[in-house]
Structure formats: C-alpha cells, structure tokens
Amino acid sequence: MMRQLLPLCLLALPFPATAADARQPMNLLLNPDFHFHCFDNSRTGQAPSYKAGAIPGWNMDAYGDAEVWRATRLPRNIGLPFPAPNVVVIHPGKRLVQFSLLSELGLDHGDTVHFHVWGCQEEPGALESRIHLMRLDSAAGDWKPDFDQRMFPKHSRGELVRGPSQAVRSDAANPFRLNAQLTIVGAFTEDPDRSTDQPNTIGIEVELVNRSVDKDVIVAAPWLTPAPAPADTTRLAEARPLPQYYRGIPRTIHKLWRGEPLHIIVMGSSIDRGSANPPLTLYDEDPESPTYKQPLSGRDFDGQLIGHPEWNDYIAWWQHYFMYGGRLRRALMEKFNYPIDRILLNTMACDGSSISEAHSGLAAYAALTLPPDPGVNGHRAGKSWRELYPAVFARPEGPRPDLVIFGSGANEKVDGAAELALFEGAVRWFQRHYPGIEFLFCMWQNRESYTPNTGHLMELALGYQIPYIDLARTLSLTTRHCNSYALCPRDGHPQAAGHYLWFKQLERAFDAADPIQSGRAQLHLPPRLHAATVGWEGEIETYASDSPRIRGGQGIVLDDAAVNLWAACKEGLVGVRIDGQDSVGSRRRPSGARDLRNSTFATGLLSLGDRHVVEVAGDARLVAVDCKLVPGRQWTGVDSPRWQLGGLQPGEFSSSWGAPYGKWQVEIPAGQAVEVELPGTVLSVAYVDRDAGGTLLAEVDGQESLRVATNQPFLAGGEPLFMENRRGILNLPYGLHRLRAAAVDGPVSLLGAFSYDTRANRANERVVRGTAFPGEVLRFSPPFAARPLVLTSGGLQVASDALGRAEVRFSGTGPGGYEIAGE
Numbered sequence: 000m001m002r003q004l005l006p007l008c009l010l011a012l013p014f015p016a017t018a019a020d021a022r023q024p025m026n027l028l029l030n031p032d033f034h035f036h037c038f039d040n041s042r043t044g045q046a047p048s049y050k051a052g053a054i055p056g057w058n059m060d061a062y063g064d065a066e067v068w069r070a071t072r073l074p075r076n077i078g079l080p081f082p083a084p085n086v087v088v089i090h091p092g093k094r095l096v097q098f099s100l101l102s103e104l105g106l107d108h109g110d111t112v113h114f115h116v117w118g119c120q121e122e123p124g125a126l127e128s129r130i131h132l133m134r135l136d137s138a139a140g141d142w143k144p145d146f147d148q149r150m151f152p153k154h155s156r157g158e159l160v161r162g163p164s165q166a167v168r169s170d171a172a173n174p175f176r177l178n179a180q181l182t183i184v185g186a187f188t189e190d191p192d193r194s195t196d197q198p199n200t201i202g203i204e205v206e207l208v209n210r211s212v213d214k215d216v217i218v219a220a221p222w223l224t225p226a227p228a229p230a231d232t233t234r235l236a237e238a239r240p241l242p243q244y245y246r247g248i249p250r251t252i253h254k255l256w257r258g259e260p261l262h263i264i265v266m267g268s269s270i271d272r273g274s275a276n277p278p279l280t281l282y283d284e285d286p287e288s289p290t291y292k293q294p295l296s297g298r299d300f301d302g303q304l305i306g307h308p309e310w311n312d313y314i315a316w317w318q319h320y321f322m323y324g325g326r327l328r329r330a331l332m333e334k335f336n337y338p339i340d341r342i343l344l345n346t347m348a349c350d351g352s353s354i355s356e357a358h359s360g361l362a363a364y365a366a367l368t369l370p371p372d373p374g375v376n377g378h379r380a381g382k383s384w385r386e387l388y389p390a391v392f393a394r395p396e397g398p399r400p401d402l403v404i405f406g407s408g409a410n411e412k413v414d415g416a417a418e419l420a421l422f423e424g425a426v427r428w429f430q431r432h433y434p435g436i437e438f439l440f441c442m443w444q445n446r447e448s449y450t451p452n453t454g455h456l457m458e459l460a461l462g463y464q465i466p467y468i469d470l471a472r473t474l475s476l477t478t479r480h481c482n483s484y485a486l487c488p489r490d491g492h493p494q495a496a497g498h499y500l501w502f503k504q505l506e507r508a509f510d511a512a513d514p515i516q517s518g519r520a521q522l523h524l525p526p527r528l529h530a531a532t533v534g535w536e537g538e539i540e541t542y543a544s545d546s547p548r549i550r551g552g553q554g555i556v557l558d559d560a561a562v563n564l565w566a567a568c569k570e571g572l573v574g575v576r577i578d579g580q581d582s583v584g585s586r587r588r589p590s591g592a593r594d595l596r597n598s599t600f601a602t603g604l605l606s607l608g609d610r611h612v613v614e615v616a617g618d619a620r621l622v623a624v625d626c627k628l629v630p631g632r633q634w635t636g637v638d639s640p641r642w643q644l645g646g647l648q649p650g651e652f653s654s655s656w657g658a659p660y661g662k663w664q665v666e667i668p669a670g671q672a673v674e675v676e677l678p679g680t681v682l683s684v685a686y687v688d689r690d691a692g693g694t695l696l697a698e699v700d701g702q703e704s705l706r707v708a709t710n711q712p713f714l715a716g717g718e719p720l721f722m723e724n725r726r727g728i729l730n731l732p733y734g735l736h737r738l739r740a741a742a743v744d745g746p747v748s749l750l751g752a753f754s755y756d757t758r759a760n761r762a763n764e765r766v767v768r769g770t771a772f773p774g775e776v777l778r779f780s781p782p783f784a785a786r787p788l789v790l791t792s793g794g795l796q797v798a799s800d801a802l803g804r805a806e807v808r809f810s811g812t813g814p815g816g817y818e819i820a821g822e
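Letter 486 of the sequence shown, counting from 1, is numbered 485 in numbering that gives the first Met the number 0, and no numbers are missing.
Here you go:
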C-alpha cells in the first residue's frame, strides 16, 4: 500500500524549450518511463489499475518496497518540465535498482556515464542516487576453503563486487534533479590459473535509495547516458526497449498475474544446479571485513544467515540458493508477490547429466514421485511435497508442471548433430502428457564454444515458438571487459556471479508492461524437425538385470530405436556393441544401479522398424535398460485373428531374448503368402532367421516393399546365433494398408508385424462423416493418399474389398453413419 501522498510536488521548472527534432543521447536504462502492468484486477477484481508494486526491468528487495503510479493519478499540480507517464514512490528505507552489462549498454572501460533522476521529497536529503561499477571478483594469489584441499585462483568467489561508486544526495531543494557521474575503470589479464588485482568491470548498477525513516520519496524520469543530459531537456530520450519474451509464455504469465501456484522444472546438468569448484556457498561480501570473500557457511543452506529461516525446507544447499533457478524463484516472489510455498522449483538438473539421460527421469520428476531430497531435486528431506506446497496440490489441474526451463547441454555426447532429436523428443514428451505446458530456453554457453546444443535449441525455438534467450552471445561479448576465467573458471562451472548474470537474462522473460501485446502460444506437437525425434518422444519400458529380455546379462533386443542403459564392469569404460559393431559414442561410464539422471550409454540414431541389438562386452553386465517406445505402435502377432493365414496354423516360438516379437510363429511354405490389414504410416515385419530360411517378400498395397533373406545369423558375443529379426517399411501415407508376406525360394517363419502411426500431429488428417444405406457408393475427391479407415454405426458395414483410395461401397443390414479418416 502506498503511504500518504506527499504534500510537496514536482513543479514545472522554468527550463526553455528545445526544438522538437533536437537529438538527445540515448537513455541506456531499461524502462526509464516506469511502464508497468497492474495485476490487482486479476487477483482481487478491484477496478483500479493505475499503480503496481513491481516495475519491469527494475528490482527491489520485496514486492511493494516501491510503487509505480500513473502520473495523472497523483495530485494535479505534480508535474515535470516535460511529460512523464509514470512516477515511482519509494517507501522509507527502501531502494530501487537496475543492473546492466557494459556489453548491453554499448559502453567500454574509460567511458564516463551520467545518471540523472528527478525527485520530490518531504524532508531534505531523503533521496540518495548511486551509480556502481560492478566487477568480477579478482585478487592476486591463491586460496582454498577450509572444507576443500584444492587450491584456486582468487577470482570468481561469490557475488559481483561493487565499486568504485558515486553517490549524490538531495539537499533541501524540492523538487530536485540529481546527477551522479562516474568513469568506468577496468583492466584484466586473461589467464585461467592466475588472478590479479585488476578491476574486471563488466557492468553498471544504478540505485535509488530513500534515506528517510518515515517519509516517501517520489522519483521520475531516470536517465543513464554516456554524455551529460542537456539542462533544457523537454522530452524523455529514446531508451533501450524491454524484451517481450513474456509473449511466448502466456499461460505462465497468466498464472503469475492471478497469483496461482506454479510448478517449474529446471533441466540441465551440474552447471545448472550450481555445482562448482569450489562449491557455491555463502561468502562474506563486506569489503571492510577481515574475512572478506571467505565462506561463512558449509554446504547446507541456513536461512537464518540471510533473514529467511522459513525457507530452510525449500532450499537444501547453498548452491540451490545461488543457482540461476533459485534466483529466478526469488525474483518471481518479488515481482509477483508470492510466498515461497506457491512456487515449486523442481531442480531436475543433476551433476554429469545430459538430455538423453534425462528422458529416464521425465515421468518421475513431472509427477513428483521422487520425494524431496537435496541431491535429487534441491529440497531438504523430511517433508512431503504436499506438506511443502499444499496450494500446488489443491489446484484443479493438480501438481502437474507448468514451465520447463532448458539450460546447459554440457554433457551431450550422444548422437552429434542429431542431438536435436533428444531435446525435441523431451519437449514433445512433456506436450503429450501435459498439454499447455510451456518452455523457456536459456542455455549456458561459455565463450560461444562449449556446446553445440545452443544451435539445436534455436532450431526448436523457431519451430515451436519457444522463447530463446541468447545467453551465449551476452557472455561472449562480456569477455571484452574481463578475464573470461573470472567469469567462468576453467572447469566450466560458473560461480555465484555467473549464475547472477544467467538469471538476469532469464528474468527478462517475466517482465511485462502495458500496453500488453498479444501472446504467441507455443506450438503443440508441430511437424518434427528431426526424423529421429519420434524415437525419443514416447514412453519408456524398463528392463531390470533379471528380465528375460536381457540375454546372458549382456544383450538386449531394443523395443524400437532409442535406448538408455546402465552397465557395470570391473575397470575402464564399458564396451558397447550395436548390431554387432563396436560403438564409441556416449560416455560409457560404469554404473552399478539404474540412475534416473546418469547412465552408461544412450543412443537414438537407429533406424525405425528394424531389429537393433545392444550388447556390452568383456566382463560388463547390464544393470538395467530403458527402451523408448515410439508413440502409436501396435503389435499384431500371427496368432491374431486379423491375419489371413490361408489355413496355416501358428505354433509356439522359443526365444532366447525374451520374445520381443511374440511367442508364436507360422511357417509359410515356399510359394505361399499370408495377409493382414493394418493402419499406420510405418510397418515392420518380424520373422525368424534360421539355417533353412527362404526369402521374405513383403508387399504393401500391391507394391513390393521388402525382400530379405531369412537365413542370416546374428553374431551375439561373437558367436553366430539364429534368432528373431524384423525390417521396417517406412514413409507410408496414413491409412489402412494391406500387408502381404510371401515365402520365396524356401520357407519363411513369420512372427507378425508392428504398425506405427508416426504422424507428428493430426493437422493433415482428412475426415469425412455422413450417413448411408447399403449399396450406396461414396466417391472421394480428391482420392485419399492411402485407403482410409472407415468406422460405421447402425446396420451399415464396409467389406475390405469394397474400400479403395477413391471410393467406398457400403453394405450391411440397414442404414447407419460413417466416419472415414485418412490423408
């Protein structure tokens, strides 16, 4: 609530007017006009919308420390020598700040900057205007924490360092104009192992502080410029525009405006969750203290040290407090007036993890089946999720995730350029399970050369309309002003200051000011960007070491084309073979248990519909295997009545691989064939290789689609083994396909067929509905790409031979309805 309005006012001062077209130096501040959005209407239903307790682009310590008002809603005699749309009331003892990097401001070491602000006060000396140079920690010498035996250069310890600074304070004048100016001093030496006493100045923070103990101060029209503002200013200068990332997360912004509880998942690796060397902890940040830049605490978070003991159950370790995700939650609490128990920050980021490994944990993290745990999700153990976040569980939609933030891709060493498919598969998995879920991309990219996955996320941003915040470019440009190893140590893990810069970029996705622009809903299951994505977006089937699907502890026939597995060996890396060939991809680290965030081996760059066998070599043994299932997959074994076997009888099939393709086979004599009709876009014919096997000839809709010998043994562990096999028939138009399997030059043992509907979505599906009588013919113009599926009701029926791409002839016992679907 705003305290009593000032009786004093900002009077129109007698400055002469300037020409309307006079050019002025650009205002380098974000949102110096203090544009805002009032969400009180959304929360309380009250009519006033002319003030708010948060200001986009600006920060305060808590919501409402300062209030922005539409200038016209203050007493009529308050004014400026030029029109300003909004003014800010800073309450006693409170402050308003804004931080920007030199690279964002277009400034350099040696430049002089001026910070102007207009103000009105009830008592003399109430407003203090400050401008701070913000630099990375750097001091000559080495050090080591008490809890760590390693030596480190004295750089990148804790938060950014303030100073030099310049402060000016209002006098008795009222209204008044303050001007603080400061020359940017900076120097650095690029060195990963040696720190110096040079000021690695990378940014500027402006700060407005109300020094009164009981009176408000009004401020307006702040201006940061590399040149003095002319004294005859009559118009506000052009300013840096506020980003409009908020338009890409409209559902999340809507929830924040209404004060609804949120569940946010932070993906990534050790970089994302604040694991660093030395470990992130609370440092003494007082430059006058004898323990300056020394740790004040161990690993465990202690809210008492920062005045928030009530946060202890929600933040396990100090790294969870300092990581960019932890900072973002606190910023959302400040900007949208939230308590901590209404923003569930689910830290899925894990040391050493990659997006391929994350697929094994998506379901458990999204459904909150893993209890609060420091190393698993960043929460102190002891209480349940429901106890910590009762409002999240009370929502009509339940505790489902609302927003997923993709960060680091540091450990992606799986499928090269095809890793796009791993990220896209994760996005589509979330979209399939939680329609309306939103994503933000803001990936750590050190020196623009740490990971190729920034390019993959840019592709996804373009294809899915997901906001992409280019932290990589920002960090790269910042290295003009600092030792890049003070920004991020050589091990690649940012310290607290690096996470602050990361957070400041991400924070802008939540800054929304009137006039609000139309939102851009993220695209739900659009066309896939990579062919291998379909292998990653489905469900997971887990096989433990004692599963019959794992042969001899060392091999498995995959369900489809993507896998995540765990294997143990006595020493070294785990040897892996795919389809009999050595694979040196992935990291192949030994693992004694199934870990939802770290695995031994993963790949998804395999052909859909074909048999794939993965084996571990030497003394290695499989601990567990996660096979991804392609969505829209259906198995039709030869024991199904769908098959037209022409009098042939199925018999049992004994598999040494746990029967991935069923337990029944039918032997097709040479010269004979069997048929089945299956819907889909991909068919996969399963058969048995044997010494006397002939050639399998498969036709789809009368066209030869596959010819393969069925007498090819597989080298399992180097030994020839006749076993089940399958081959895929791809790129069929969606519809009902007639599969004919014939034996040539010898008998063929057939197991069945898989059918898949691999369409990315139903955007191109064509549906025809109506009613008909038996004997009527319905013609399709244009014809379907393949025979469509026909569903009938009442007495209406359709015989298989009466359905084609161009027409259908109805039969049956009476009239009824029909629905015909295809492409």
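Even for Gly, the Cβ is constructed at its ideal location relative to N, Cα and C.
- For residue 674 and residue 659, the gap between their C-alpha atoms comes out near 21 angstroms.
- In the displayed model, residue 563 falls within a strand according to three-state DSSP.
- Counted as a single uninterrupted DSSP element, the beta strand (DSSP E) harbouring residue 440 occupies residues 437-440.
- Judged by pairs of C-beta atoms under 8 angstroms, the stretch 341-357 touches the stretch 257-265, as three or more such pairs exist.
- Under the three-state reduction of DSSP, residue 501 is assigned to helix.
- In the same chain as residue 363, and ignoring 5 residues on each side of it, the C-beta atoms closer than 7 angstroms to its own belong to 369, 595, in chain order.
- For residue 410, the secondary structure class from DSSP, reduced to helix, strand or coil, is coil.
- The stretch 191-220 contains, as complete beta strand (DSSP E) runs of 3+ residues, the segments 199-209 (chain order).
- Inter-residue distance for residue 213 and residue 91 is about 5 angstroms (C-alpha atoms, whole angstroms).
- Going by DSSP, residue 335 is part of the alpha helix (DSSP H) stretching over 323-335.
- Between residue 464 and residue 399, the C-beta spacing is not below 7 angstroms.
- Residue 339 holds the alpha-carbon nearest to the alpha-carbon of residue 309 among 339, 325, 291.
- Residue range 747-755 is occupied by the beta strand (DSSP E) that includes residue 754.
- Cβ contact annotation for residue 223 (same chain, cutoff 7 angstroms, sequence separation greater than five): 26, 27, 28, 112, 114, 205, in chain order.
- Beta-bridge pairing by DSSP links residue 550 to 554.
- Separation of residue 489 and residue 278 (C-alpha to C-alpha, rounded to the nearest whole angstrom) is 14 angstroms.
- Residue 482 sits in coil when the DSSP states are folded into three classes, being neither helix nor strand.
- Within the DSSP bridge table, the entry for residue 708 names 694 as partners.
- Judged by beta-carbon spacing, residue 537 lies beyond the 7 angstroms limit of residue 678, meaning their Cβ atoms are not closer than that value.
- In terms of CA proximity to residue 365, 397 leads the group 387, 355, 379, 397.
- In the DSSP assignment, residue 98 is bridged to 204.
- One thing to note: residue 502 has its Cβ no nearer than 7 angstroms to the Cβ of residue 261.
- Residue 544 has its alpha-carbon roughly 51 angstroms from the corresponding atom of residue 816.
- With contact defined as three or more Cβ pairs closer than 8 angstroms, the stretch 625-642 and the stretch 448-459 are not in contact.
- Annotation: residue 793 to residue 799 spans about 18 angstroms, alpha carbon to alpha carbon.
- If you draw a 10 Å sphere on the C-beta of residue 305, you find fewer than 16 other C-beta atoms in it, and that means exposed.
- DSSP places residue 384 inside the alpha helix (DSSP H), whose first and last residues are 384-387.
- If you look at residue 356, you'll find it in the alpha helix (DSSP H) that goes 354-357.
- For residue 819, the enclosing beta strand (DSSP E) stretches over residues 815-821.
- Taking C-beta atoms as the reference points, residue 422 and residue 468 fail to come closer than 7 angstroms.
- Cβ neighbours of residue 243 within its own chain (closer than 7 angstroms, five residues either side excluded): 516.
- When only Cα atoms are considered, residue 667 and residue 682 end up about 19 angstroms apart.
- Apart from the 5 residues on each side of it in sequence, residue 663 sits with its Cβ closer than 8 angstroms to the Cβ of 636, 637, 638, 649, 650, 651, 652, 750, 751 in its chain, given in chain order.
- DSSP, reduced to helix, strand and coil, places residue 781 outside both helices and strands of the structure shown, so it counts as coil.
- Our two residues, residue 540 and residue 144, have alpha carbons roughly 45 angstroms apart in a direct line.
- Taking one beta carbon from each stretch, the stretch 580-598 and the stretch 406-414 have 3 or more pairs nearer than 8 angstroms; the two touch.
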